Amino acid sequence: VLIREETGLPVIIADDPLSAVARGAGMALDQLDVLKEVTFQV
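Just so we're aligned: the sequence shown equals residues 26 to 67 in this note's numbering.
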């Protein structure tokens with residue numbers, strides 16, 4: 026809830042957080058070219 030209040034972004038609390046992370050990582054890898062455009066090197 027605090028993240029939503031600070032950023033204005035929608036927040037969903039997952040029933041199964043580990044599976045949600047795995048699915049999200051898989052989606053990111055499927056779109057690696059897009060991910061490279063929105064990330065930066067530190």
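The C-beta atom is built at its ideal place from N, Cα and C for all residues, glycine as well. All of these numbers come straight from a predicted model, not from anything done at the bench.
In this structure, A45 places its C-beta atom within 8 Å of the C-beta atom of A39.
Rounded to the nearest whole angstrom, the C-alpha separation of G51 and L57 is 10 Å. Within the model, the alpha-carbon separation for R29 versus K61 is close to 25 Å.
Counted as a single uninterrupted DSSP element, the stretch harbouring I38 is not any alpha helix (DSSP H), since DSSP gives it neither H nor E.
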